[in-house]
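Below is one structure, written out as structure tokens; comments come after it.
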Amino acid sequence: MTTIDERSTDTIAVENPRTGQIIAHLPALSRQQVMDAFAHARRAQRQWARTPVEQRVKIVMRLHDLVLAKQAEIVDIIQSETGKNRASAFDEILDVVVTARHYGKKAPKLLSRSRAKGALPVLTKTRVDHAPIGVVGIIAPWNYPLTLTLSDAIPALLAGNAVIVKPDPKTPLSAIESEKIAREAGLPEGLYTILTGHADVVGQTIVHNSDYLMFTGSTKTGRILGTQAGERLIGYSAELGGKNPMIIARDADIDRAVRGTIDGCFSNSGQLCVSVERIFVHRAVAQRYTEKLVQAVEALTIGGGGWEENIGSLISAEHADRVMDFVDDAVRKGARMLTGGRRPDLGPAFVAPIVLVDVPEDAHMYREEVFGPVVYIETVDDEDQALAKANDSEYGLNASIFASPRRGWELAQQVEAGTVNINEGFAAAFGSVDAPMGGWKSSGLGRRHSDYGLLKYTQARTIAQQRLVPVSGPKGMDKHTYAQVLSTVLRWGKRVL
Ligand code: ADP
267 MTTIDERSTD
277 TIAVENPRTG
287 QIIAHLPALS
297 RQQVMDAFAH
307 ARRAQRQWAR
317 TPVEQRVKIV
327 MRLHDLVLAK
337 QAEIVDIIQS
347 ETGKNRASAF
357 DEILDVVVTA
367 RHYGKKAPKL
377 LSRSRAKGAL
387 PVLTKTRVDH
397 APIGVVGIIA
407 PWNYPLTLTL
417 SDAIPALLAG
427 NAVIVKPDPK
437 TPLSAIESEK
447 IAREAGLPEG
457 LYTILTGHAD
467 VVGQTIVHNS
477 DYLMFTGSTK
487 TGRILGTQAG
497 ERLIGYSAEL
507 GGKNPMIIAR
517 DADIDRAVRG
527 TIDGCFSNSG
537 QLCVSVERIF
547 VHRAVAQRYT
557 EKLVQAVEAL
567 TIGGGGWEEN
577 IGSLISAEHA
587 DRVMDFVDDA
597 VRKGARMLTG
607 GRRPDLGPAF
617 VAPIVLVDVP
627 EDAHMYREEV
637 FGPVVYIETV
647 DDEDQALAKA
657 NDSEYGLNAS
667 IFASPRRGWE
677 LAQQVEAGTV
687 NINEGFAAAF
697 GSVDAPMGGW
707 KSSGLGRRHS
717 DYGLLKYTQA
727 RTIAQQRLVP
737 VSGPKGMDKH
747 TYAQVLSTVL
757 RWGKRVL
């Protein structure tokens with residue numbers, strides 16, 4: 267936030283992961299500076315809450331147009347701080363635009379006063395309002411620095427809230443750019459504010475001052491923030507870790523499954539919460555599938571940075587080391603690496619995509635999230651076994667099934683996950699923004715996308731007007747008679763209402 271930059275003493279350094287070079291120094295804001303931003307946001311929000319929804323929609327639609335028009339510059343910024351390939355950076359543009367359009371069109375109806383059945387038929391007129399909550403805090407990770415700040419902010423803003431975002435210290439530049447574009451689209455100052463700095467100062471001050479908290483990140487941090495939100499009795503939505511399975515059924519189209527595996531496992535170099543890390547393939551097709559997959563993985567291009575690049579850099583050399591530690595541990599315990607594992611000499615954080623088999627259950631990566639370009643294949647005797655293994659996880663974020671459509675739907679209904687894709691890795695379900703997206707079990711709480719993804723940023727206010735007769739009964743009627751009248755109404759109501 268430029269207006270308070272000069273008062274900060276500490277800084278964070280932003281690195282380009284492809285080169286290891288520092289590309290920006292930004293202020294690490296103090297607690298007081300964050301508090302000032304909240305005071306400012308609260309003032310702006312009071313006015314914004316009175317702004318008609320149609321006016322808010324206009325601004326969000328201008329934002330939609332601006333993001334599309336400026337996509338090349340934004341993609342450059344995303345790539346500069348994440349090192350990801352251009353196609354994965356473009357996915358962020360797509361997500362913001364689709365989200366803006368979806369909620370822009372839906373917000374007026376979702377936020378309009380709705381009718382509800384009254385306590386007493388005819389005599390009670392009941393309506394429901396959805397008021398803004400106030401200031402929404404968003405704490406974002408580094409893997410999708412535009413999407414996981416701006417796309418989550420759009421429904422909150424449309425609902426009449428102000429939003430304060432703490433981007434990950436590794437990737438604040440895309441978020442800062444999104445703040446500029448939102449201002450250019452006409453969003454009044456103070457409504458969408460990016461605060462840079464450290465988790466323990468900026469992050470914690472946001473947790474302690476926001477009226478609703480939206481978090482995307484690790485399950486470990488998600489639990490801590492959930493506890494804090496619970497203490498403060500504020501709403502909380504969290505999209506956390508995953509160990510997402512893919513099932514390749516006996517009747518799968520193998521070429522399609524191979525393409526889906528590449529997309530599902532190696533988009534954004536596997537640094538994606540919905541990315542696939544476990545594959546359970548039917549014995550009848552295992553060999554054919556595995557051979558074709560290895561061939562396809564070996565044909566992927568690494569580096570270059572343009573549209574032709576399939577595999578970009580990981581976020582940092584430390585993260586690449588961490589990914590390789592998981593792989594080394596599995597190999598030490600008996601796993602076989604079918605392909606990948608090199609660290610190409612293109613920069614400090616490149617890893618050639620890895621496919622493993624025979625990963626033993628005691629290897630860390632068997633159950634823990636790796637968050638890199640790594641997947642293991644396990645052969646199963648039938649789809650029931652695949653399902654049992656797929657569901658045998660503390661996580662339940664996303665799943666993917668390659669099968670005939672009929673078999674795919676049968677299997678999908680038995681998967682314990684927030685999103686299940688048939689004949690696609692993750693993009694079909696994630697891209698269906700009209701449907702909920704989020705995790706079962708330790709993968710999260712609440713949902714983004716769908717009506718819920720906007721209504722969660724509102725407070726429901728039920729207004730009920732009682733007509734003619736009080737709910738406690740007409741004047742002069744004794745309690746026993748009234749109880750009998752009510753009983754008759756209830757009996758009748760069960761059939762009619
Ligand atoms: P990762 O392991 O991918 O870095 P984290 O869950 O640690 O994921 O971080 C996701 C986001 O949450 C980052 O912006 C990080 O700075 C922030 N964060 C981490 N710990 C806390 C905390 N205790 N309070 C507030 N924000 C935090």
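At position 128 of the sequence shown the residue is numbered 394 (my numbering), and the sequence of numbers has no breaks. By construction, the Cβ of each residue, glycine as well, lies at the ideal position given by its N, Cα and C atoms.
1. Go to residue 511, then tell me how far its beta strand (DSSP E) extends in each direction, as first and last residue.
2. Per DSSP, residue 687 forms a beta bridge with which residues?
3. Could you spell out the range, first to last residue, of the alpha helix (DSSP H) harbouring residue 346?
4. Taking 7 Å as the line, does the beta carbon of residue 417 fall inside it for any heavy atom of the ligand ADP?
5. Taking all protein chains shown into account, decide if residue 433 is buried (16 or more other Cβ within 10 angstroms of its Cβ) or exposed.
6. Please state the DSSP three-state secondary structure of residue 357.
7. If you count every other CB in all the chains shown that lies within 10 Å of the CB of residue 373, and 16 or more means buried, which is it?
8. Cα separation between residue 308 and residue 512?
9. Give the list of continuous beta strand (DSSP E) stretches no shorter than 3 residues that lie fully inside the segment 605–685.
10. Mind checking whether the beta-carbon of residue 435 lies closer than 7 Å to any heavy atom of the ligand ADP?
11. Hey, would you say residue 709 sits closer than 8 Å to residue 662, going by beta carbons?
12. With 16 other CB atoms within 10 Å as the buried threshold, where does residue 571 fall?
13. Going by C-alpha distance, which of 299, 287, 614 is nearest residue 468?
14. Starting from residue 317, trace the beta strand (DSSP E) both ways and give me its first and last residue.
15. Report yes or no: do the segment 383–399 and the segment 727–740 share at least 3 C-beta pairs separated by less than 8 Å?
16. Checking 8 Å against the spacing of the C-beta atoms, do residue 596 and residue 622 come in under that value?
17. Within a Cβ cutoff of 7 Å, which residues of the same chain sit near residue 416, ignoring the five residues on either side of it in sequence?
18. Beta carbon of residue 603, beta carbon of residue 620: below 8 Å?
19. Go through its chain and collect everything with a Cβ distance to residue 301's Cβ below 8 Å, but skip five positions before and after it.
20. Among residues of its own chain, excluding the 5 on either side of residue 753, which ones have a beta-carbon nearer than 6 Å to its beta-carbon?
21. What do you reckon, is the C-beta of residue 726 under 7 Å from a heavy atom of the ligand ADP?
22. Can residue 256 be considered in contact with the ligand ADP, in the sense that its beta carbon sits closer than 7 Å to one or more heavy atoms?
23. Under the criterion of a Cβ to heavy atom distance below 7 Å, does residue 432 qualify as lining the ligand ADP?
24. Residue 608: buried (16+ other C-beta within 10 angstroms of its C-beta) or exposed?
25. Tell me residue 282's beta-bridge partners as DSSP assigns them.
26. Would you check whether the ligand ADP has a heavy atom nearer than 7 Å to the C-beta of residue 840?
27. Under 8 Å, do residue 376 and residue 717 count as touching if we go by C-beta distance?
28. Quick check on residue 540: does DSSP put it in helix, strand or coil?
29. For residue 435, which residues does DSSP report across the bridge?
30. Starting from residue 396, follow the beta strand (DSSP E) in both directions and report where the run begins and ends.
31. Hey, is residue 403 close to the ligand ADP, as in C-beta under 7 Å from one of its heavy atoms?
32. Is residue 487 near the ligand ADP, with its Cβ less than 7 Å from a heavy atom?
33. Drop a sphere of 10 angstroms on the beta-carbon of residue 544, count the other beta-carbons inside from all chains shown, and report buried for 16 or more, exposed for fewer.
34. Does at least one heavy atom of the ligand ZN sit under 7 Å from the Cβ of residue 377?
35. Count the other C-beta atoms from every protein chain shown that fall within 10 angstroms of the C-beta of residue 756, then say buried if there are 16 or more, exposed otherwise.
With the structure as the only source:
1. Segment 510–514, the beta strand (DSSP E) holding residue 511.
2. 666, per the DSSP bridge assignment.
3. Counting along the chain, the alpha helix (DSSP H) containing residue 346 begins and ends at 337–348.
4. Set against 7 Å, the gap from the CB of residue 417 to the closest heavy atom of the ligand ADP is not smaller.
5. With 16 or more other Cβ atoms within 10 Å, it is buried.
6. DSSP, reduced to helix, strand and coil, places residue 357 within a helical segment of the structure shown.
7. By the 10 Å Cβ count, residue 373 comes out buried.
8. Roughly 45 Å between the two C-alpha positions.
9. Segments of the beta strand (DSSP E) lying fully in the segment 605–685: 620–623, 640–646, 664–668.
10. Checking every heavy atom of the ligand ADP against the Cβ of residue 435, one is found closer than 7 Å.
11. Their beta carbons are under 8 Å apart, which means residue 709 touches residue 662 by this criterion.
12. By the 10 Å Cβ count, residue 571 comes out buried.
13. Checked all of 299, 287, 614; the closest Cα to residue 468 is 299.
14. No beta strand (DSSP E) holds residue 317; DSSP gives it neither H nor E.
15. Yes, since at least three Cβ pairs between the segment 383–399 and the segment 727–740 fall closer than 8 Å, the two stretches touch.
16. Contact flag set, yes.
17. Hits under 7 Å: 362, 444.
18. Cβ atoms of residue 603 and residue 620: closer than 8 Å.
19. Short of 8 Å from the beta carbon of residue 301, and not among the five residues preceding or following it, lie these beta carbons of its own chain, in chain order: 471, 475.
20. Residues of the same chain with a CB within less than 6 Å of the CB of residue 753, apart from the 5 flanking positions on each side, do not exist.
21. Incorrect: residue 726 has no Cβ contact closer than 7 Å to the ligand ADP.
22. Coverage of the chain is limited to positions 267 through 763, which leaves residue 256 absent and any answer about it impossible.
23. For the ligand ADP, at least one heavy atom lies less than 7 Å from the Cβ of residue 432.
24. It counts as exposed.
25. Partner residues in the beta bridge of residue 282, as assigned by DSSP, are 287.
26. There is no way to answer for residue 840, as the model of the chain reaches only from 267 to 763.
27. Yes, these two residues count as a Cβ contact at 8 Å.
28. DSSP places residue 540 in coil when its eight states are reduced to three.
29. Looking at the DSSP assignment, residue 435 forms no beta bridge with any residue, so it has no partner.
30. Element bounds for residue 396: 390–398.
31. No.
32. Yes; taking the cut-off as 7 Å, the Cβ of residue 487 has a heavy atom of the ligand ADP nearer than that.
33. Answer is buried; the Cβ neighbour count reaches 16.
34. The ligand ZN is absent from the structure shown, which contains only the ligand ADP.
35. That one is exposed.
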